[in-house]
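Take a look at the structure set out below.
Residue numbers (full-length UniProt numbering): 1 to 516.
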């Protein structure tokens, strides 16, 4: 479908027609500058319209005039017949099919890249995180294209945009499996050790927030660089009622199949996969719909994990197979016999690769504020690793458990890669501690930053992401969009830098010496 044009002169703006049947929202793709009679330059913004299911009719447009983004105050609405409306609405329907195919292809390429790199690194006995190497490769290609032929880089970023939005939309869901199987992970941990781990999580998180925030503030005072606006970051669409009911139907039907024919798909784990996955997704959708004040106490990830555990308990009760066995079906860690948790955690590598696109989009921001961003992330990451080791030693926590929780402030995918450098670590405990740390940050980071009277968006964004990774980033960006770019950058760089320094044998030996 050809894009509509929004044209802004000093007094006029032409918008797409208002349709009675569908809410159309223009999405600005690019701008082209043209001179006007008055000597100024007017920009024409090509805006592609996308349908939203709503009975109300509302159109907003952003147009540029003399380098400023403005809302069209008095749009001139063009008339259109009802037959043209129907033609336009019908022309939008094929776009959804093309969009789905675009998503499948772009996401499939990222997943395939992650799998191929992982197999190559395993075959070559390379311990460095394969997804991180893939992220560096993609970022390098984008930078090379941008320096030689910028339209090629833009085309590549736009091609993978559906995949990046998909990952962004479902990102918290990829952390859930470690919480679902938490009863299995902590079964062998003494209660006293569990209390010590909780103290390290809460106290370490608070210390990491303070160190990262005040480091950013101190560096900003030294460099004294004025903050510029970041590139706009598109937010994923909310979950619709159709999606909720579809996943509900799938959960009920697949539960019935698993109960009647436990090995209908060959193994019990594969047969339980559809209804356990549906229960997990449905819990996340319902949790995302809670009011913001409820989410502060009952985070969507908690709702998601409880929903999956409840489904596992109900199936265990009726099938008399035991809860531990069903949780074992949820996360088998066997590629030939995957469970629902294995499917979700299979996206963690693609999350790391997708960092390349977000960092490329914000490359100007990173370059301008490199001193604040890199210094804060480096100091906060080193502090997080070594403070955790010291706290574990001081509290008398078992060395194997202390090692398992060292990367508590680093995103799950890279945290699991980091603990793989150490022997006798508990990967399930690592994933659970990382998620719990993120939940603590998501619930309390804004209150702590407000109490510390830290109002600078750069400091708030970096402190949040470097202490509570993706979950903290999602929580802060919902209310403070100006801090989102710095959250996204620090979120990626914290994991990257943590992986790089832990791949150094001298760093690992020093951490083990502290742990004891």
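C-beta atoms are modelled at their ideal positions from N, C-alpha and C, and glycine is treated no differently.
From what residue to what residue does the alpha helix (DSSP H) around residue 341 run? 340-345
Grab me the residues of residue 277's own chain with a C-beta within less than 7 Å of its C-beta, minus the 5 sequence neighbours each way, in chain order. 340, 343
Less than 6 Å between C-beta atoms, sequence neighbours within five positions excluded: which residues of the same chain meet that for residue 185? Here residue 185 has 428, 429, 432 as same chain residues with Cβ atoms under 6 Å from its own Cβ, once five neighbours each way along the sequence are excluded.
Do you know offhand how far residue 425's Cα is from residue 193's? One C-alpha to the other measures close to 15 Å.
Length of the line joining the Cα atoms of residue 399 and residue 393: For residue 399 and residue 393, the distance between alpha carbons rounds to 8 Å.
Environment of residue 26 [buried if 16+ CB atoms lie within 10 Å]: Residue placement at residue 26 is flagged as unreliable, the pLDDT there being 40, under the threshold of 50; the coordinate-derived value follows with that caveat. That one is buried.
Return the CA-CA distance between residue 371 and residue 166, expressed in angstroms with no decimal places. 31 Å
Beta-carbon spacing of residue 391, residue 200 below 7 Å: yes
On a Cα-Cα basis, can you pick out the residue from 259, 471, 442, 268 that is closest to residue 170? 471
Beta-carbon proximity list for residue 463, same chain, < 6 Å, skipping 5 on both sides: 209, 212, 213
Cβ neighbour criterion (16 or more within 10 Å) applied to residue 222: exposed
Straight-line gap, residue 397 to residue 304 (C-alpha atoms, nearest Å): 30 Å
Any idea what DSSP makes of residue 261, helix, strand or coil? coil
What did DSSP end up calling residue 324 once you bin it into helix, strand or coil? helix
Taking just the CA atoms, how far does residue 224 sit from residue 331? 49 Å
Check each candidate in 191, 383, 374, 107 and name the one with the smallest Cα separation from residue 493. When each option's Cα is compared against that of residue 493, the closest is 374.
Tell whether a beta-carbon distance below 7 Å holds between residue 156 and residue 134. Taking 7 Å as the Cβ cut-off, residue 156 and residue 134 do not qualify as a contacting pair.
Quick check: what's the CA-CA separation for residue 517 versus residue 196? There is no way to answer for residue 517, as the model of the chain reaches only from 1 to 516.
Helix, strand or coil: which one does DSSP assign to residue 409? coil
Taking the alpha-carbon positions, what's the residue 175 to residue 260 distance? The C-alpha of residue 175 lies about 30 Å from the C-alpha of residue 260.
Check whether residue 217 and residue 459 have beta carbons under 7 Å apart: yes
Alpha-carbon to alpha-carbon, residue 456 and residue 516: 39 Å
Chain-order list of residues whose beta-carbon lies under 6 Å from that of residue 422 (same chain, five-residue window excluded): If we look at residue 422 and ignore the five residues flanking it on each side, its Cβ neighbours are 403.
Kindly indicate the opening and closing residues of the alpha helix (DSSP H) around residue 392. 370-395
Use the C-beta contact count for residue 132: other C-beta atoms within 10 angstroms, 16 or more gives buried, fewer gives exposed. buried
Span separating the alpha-carbon of residue 407 from that of residue 153: 33 Å
Helix, strand or coil at residue 423 [DSSP, three-state]: Three-state DSSP puts residue 423 in coil, outside helix and strand.
Pick helix, strand or coil for residue 189, following the three-state DSSP scheme. coil
Taking only beta-carbon atoms, is residue 425 less than 7 Å away from chain C? Here there is only one protein chain, and chain C is not present.
Which word fits residue 539, buried or exposed, when buried means at least 16 other C-beta atoms lie within 10 angstroms of its C-beta? Given a span of 1 to 516 for the chain in the structure shown, any question on residue 539 remains unanswerable.
CA-to-CA distance, residue 379 to residue 245, given in whole angstroms: 47 Å
Exposure label - residue 172; buried when at least 16 CB within 10 Å: By the 10 Å Cβ count, residue 172 comes out buried.
Helix or strand or just coil, what does DSSP make of residue 452? coil
Rounded to the nearest angstrom, what separates residue 441 and residue 504 at their Cα positions? 28 Å
C-alpha gap between residue 461 and residue 258, whole angstroms: 45 Å
Between which residues of its own chain and residue 436 is the CB-CB distance below 7 Å, once the five residues before and five after are set aside? 201
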